[in-house]
Amino acid sequence: MADKVVPVDVRALIVSWPEEAPRGAVTRFCVEHSVSRSQFYEIWTRARGEGSVAAMLPRPRSAPARHPQAVPIAVEELAVAIRKELADTGWDHGPLTVRHRLLTLGIAAPAASTLARIFTRRGMVVPQPGKRPKTSWRRFEAAAVHECWQLDGFEWPLADGTVFTVLQVTDDKTRFPIATRAAPGERAKDAITVIQAGIDRFQVPCRVLTDNGAAFNQERIGRRTKLVTKLMDLGCRPVTGRPDHPQTQGKNERAHQTLQRWLRAQDPPQSLADAQRLLDSFDEQFAERPHQGLQMRTPAQALSAGPVAVPPRPPDPAQPDDSDRVKAYHRRVAANGNCKITGTTVQLGAENAGTTITAIRAGRTINVFDHRGKHISTIHLEPGRTYYSNGRPRGRRPKPKRPD
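Using our numbering, the first residue of the sequence shown is number 4, and each one after it goes up by one.
What follows is the structure in structure tokens.
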């Protein structure tokens, strides 16, 4: 067994230790000089057997024998180099990603847990003891491609410090980057533009999931944004997550992390056009990279594998307003003098009960004629009003007096 580090002055005291030391002196010496009794007696025994000079020097350390099932040094060094390369270029560089890269190189890669221990031993992992475990999340995923898109944005600075907004549209099932736009801010017209870019490239999605941002969806406070109106006109259903609960848009939030890490590794964009070129380049590379949530398939592979959702059907167009057209209606007056004309009840008097009348409607005006063509009444329709009396007082009419 190799000696642990013991100072030279302490070794000198142990080598010159008297044979007849008092009882308990060794224990007190070890406590005072912070050495163990086994260290004390090992050095003392070497001084008696090998000489005082040999005892003053620690035993030479021999390299421990490597376990036959341990990861080869060459594979370990290659895994460390791959992780560093991915980190330097701004891509995700976890154990699963590194293992997939080793497999694509034709190398018998160790398990992801083994790579995690290697990276931890090498000091390449930042401890995150407060990180929430993945088992605590409730996962959901759309059943088909283009069944649900997620739209969200974040702010990023230009080289001169000007802040712009990155709007990302991600397919919920495949994590495919549908469209990404560099915009001056999180505005409704830019949200419509990025959604329309995805529709022009693929199809109308069945749902679009956003947060409750002012540019996206304000239905929770009783308002309708231009984006919501646009989606509903296409037959798409706009939905939102619970307020202050970004986990609902978790796939898009996770895509933000990858994009932000990648942007940090690039030169800062000089303008919105320069930023858009960077975003387009990222989308191309991200679509061809393996994704852990897809069992290490690429988003492009998942997109092509399908199944693809049936595009929604736009609502039927509203019927043209024909309120200005002249229409004629023939109706029979009820026994109480009422007559219904286009959802409106008109009181025409008991003298017209049981007769057939003709009603001419022109715009918001109805003129009523009896069967002889005599004009009975004119009604001017009012919004929300459904009953029009004949203007006479209610109740039984007094009988006429008989002449004397």
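Positions of the beta carbon are idealized from the N, C-alpha and C atoms, including for glycine.
> Got a sec, what are the start and stop residues for the alpha helix (DSSP H) Pro-272 sits in?
Replying inline: Where Pro-272 is concerned, there is no enclosing alpha helix (DSSP H), given that its DSSP letter is neither H nor E.
> From this set, Ala-268, Pro-180, Leu-230, Ala-114, which residue's C-alpha is nearest Gln-304's C-alpha?
Replying inline: Pro-180
> Taking DSSP as the reference, what is the three-state secondary structure of Asp-277?
Replying inline: helix
> What is the DSSP secondary structure of His-248, reduced to helix, strand or coil?
Replying inline: coil
> What do you reckon, are the CB atoms on Val-410 and Val-329 nearer than 8 Å?
Replying inline: The structure shown does not extend to residue 410, since the chain is modelled only from 4 through 407, so no value can be given for it.
> Does DSSP classify Val-29 as helix, strand or coil?
Replying inline: helix
> Which of helix, strand or coil does DSSP assign to Ser-380?
Replying inline: strand
> Run through DSSP, which three-state label would Trp-20 get?
Replying inline: coil
>> Taking 8 Å as the cut-off, does the stretch 80-90 touch the stretch 39-51 (at least 3 CB pairs, one atom from each stretch)?
In response: no
>> Can you tell me which residues form a DSSP beta bridge with Gly-156?
In response: Leu-170
>> Once the 5 residues before and after Phe-122 are set aside, which same chain residues still bring their CB inside 6 Å of it?
In response: Val-128
>> Quick check on Gln-298: does DSSP put it in helix, strand or coil?
In response: coil
> Under the rule that 16 or more other beta-carbon atoms within 10 Å means buried, what is Val-313, buried or exposed?
Replying inline: exposed
>> Assuming Ala-194 and Ala-218 are in contact, meaning their beta carbons sit under 8 Å apart, how far apart are those beta carbons, in whole angstroms?
In response: 5 Å
> Going by the beta-carbon positions, is the gap between Lys-176 and Ala-147 smaller than 8 Å?
Replying inline: yes
> Tell me which same chain residues have a C-beta within less than 6 Å of the C-beta of Thr-168, skipping the five on either side of it?
Replying inline: Gly-156, Glu-158, Ala-186, Gly-188, Glu-189
> Which residues mark the beginning and the end of the beta strand (DSSP E) in which Arg-334 is found?
Replying inline: 329-335
> Is Ala-194 helix, strand or coil when you go by DSSP?
Replying inline: helix
>> Can you tell me whether Thr-381 is buried or exposed? The criterion is at least 16 other CB atoms within 10 Å of its CB, across all chains shown.
In response: exposed
> Does the beta-carbon distance from Thr-345 to Arg-367 come in below 8 Å?
Replying inline: no
> What alpha helix (DSSP H) runs, 4 residues minimum, are completely inside the stretch 187-242?
Replying inline: 191-204, 229-236
> Taking all protein chains shown into account, do 16 or more other C-beta atoms lie within 10 angstroms of the C-beta of Arg-184, making it buried, or fewer, making it exposed?
Replying inline: buried
> Per DSSP, what kind of secondary structure is Arg-14 in: helix, strand or coil?
Replying inline: helix
> Could you give the distance in angstroms between the alpha-carbon of Glu-150 and the alpha-carbon of Thr-243?
Replying inline: 15 Å
> Quick one, which of Leu-230, Tyr-332, Met-235, Leu-161 has its alpha-carbon nearest Ala-278's?
Replying inline: Leu-161
>> Pairs of beta-carbons, one from the stretch 270-284 and one from the stretch 228-245, closer than 8 Å: are there three or more?
In response: no
> Is DSSP giving Gln-350 helix, strand or coil here?
Replying inline: strand
>> Beta-carbon within less than 6 Å of Gly-352's beta-carbon, same chain only, minus the 5 sequence neighbours each way: which residues are those?
In response: Gly-340, Asn-393
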